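Here the sequence shown is numbered in the numbering used here, starting from 4 and rising by one per residue. For glycine and all other residues, C-beta sits at the position ideal for the given N, C-alpha and C. Values in this document were obtained by computation on a predicted structure and should not be read as measured data.
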Amino acid sequence: MSVQDFVDAIITFVKANEGWAAPIAFAVAFLESFCFLSIIWPGTAILIGISALLAQSGVGLDVLWPAIIAASIGGTLGYAFSYWIGLYYKDDIHKLWPFNRNPELVNRGEAFFAKWGALGVFFGHFFGPVRAIIPVVAGMYSMPQWQFQLVNVLSAAIWAAGVIAPTYFGLDYLLH
4 MSVQDFVDAI
14 ITFVKANEGW
24 AAPIAFAVAF
34 LESFCFLSII
44 WPGTAILIGI
54 SALLAQSGVG
64 LDVLWPAIIA
74 ASIGGTLGYA
84 FSYWIGLYYK
94 DDIHKLWPFN
104 RNPELVNRGE
114 AFFAKWGALG
124 VFFGHFFGPV
134 RAIIPVVAGM
144 YSMPQWQFQL
154 VNVLSAAIWA
164 AGVIAPTYFG
174 LDYLLH
């Protein structure tokens, strides 16, 4: 099964089961924001596809907002778990997959975090190449938990709304 087949299967499931839009948005966003899986998981494409289907099917905001909130919570938790992994493993993170096979991921994440700090955590939600490592590096460097979580929650909410809402409202406008 190709990645595209997998994406299509999830989107087809949501089309047939709109009530599952929020739980699936949560799971997709969690996996998109979790350090190990975000490297290979096409979460943004899936969320855009789900959003397009919701707009096309004509569901109201009573389905859209829970999906955005669920994606925001999923993104927040994925980043939080990644932070805790970095906090726990510290310098041994280089021994874990996928970082042991791609040491440049940690090096890029460290450089990005050293330059941007908390802003790097904020922007990490929006940039796929660093999304996989920024929360781990923040944990490795023992960024204060309160600071990490504040930036994490804010950026995950903006990211989720920014991925889902424009597609939904844009297609809704074009279709109606």
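Given a cut-off of 9 angstroms on the beta-carbon distance, is the pair I27 and I53 in contact? yes
Below 8 angstroms, how does it come out for the region 117-125 and the region 145-165: are there three or more Cβ pairs, yes or no? yes
Apply the 10 Å Cβ neighbour rule to N20 and answer buried if 16 or more other Cβ atoms are within range, or exposed otherwise. exposed
Does the Cβ of P138 have 16 or more other Cβ atoms within 10 Å, making it buried, or fewer, making it exposed? buried
Residue environment, A83, which counts as buried when at least 16 other CB atoms sit within 10 Å: buried
Could you tell me the distance, in whole angstroms, from the CA atom of L108 to the CA atom of D95? 14 angstroms
Let me confirm a value: S41 is counted as buried when at least 16 other C-beta atoms fall within 10 Å, else exposed. Which label applies? buried
Environment of Y171 [buried if 16+ CB atoms lie within 10 Å]: buried
Under three-state DSSP, which class holds L40? coil
I need the DSSP call for N105, collapsed to helix, strand or coil. coil
Please state whether DSSP places V156 in a helix, a strand or coil. helix
Among A74, V10 and G61, which has the Cα closest to the Cα of A25? A74
Could you tell me if N155 is buried or exposed, where buried requires 16 or more neighbouring beta carbons within 10 angstroms of its beta carbon? buried
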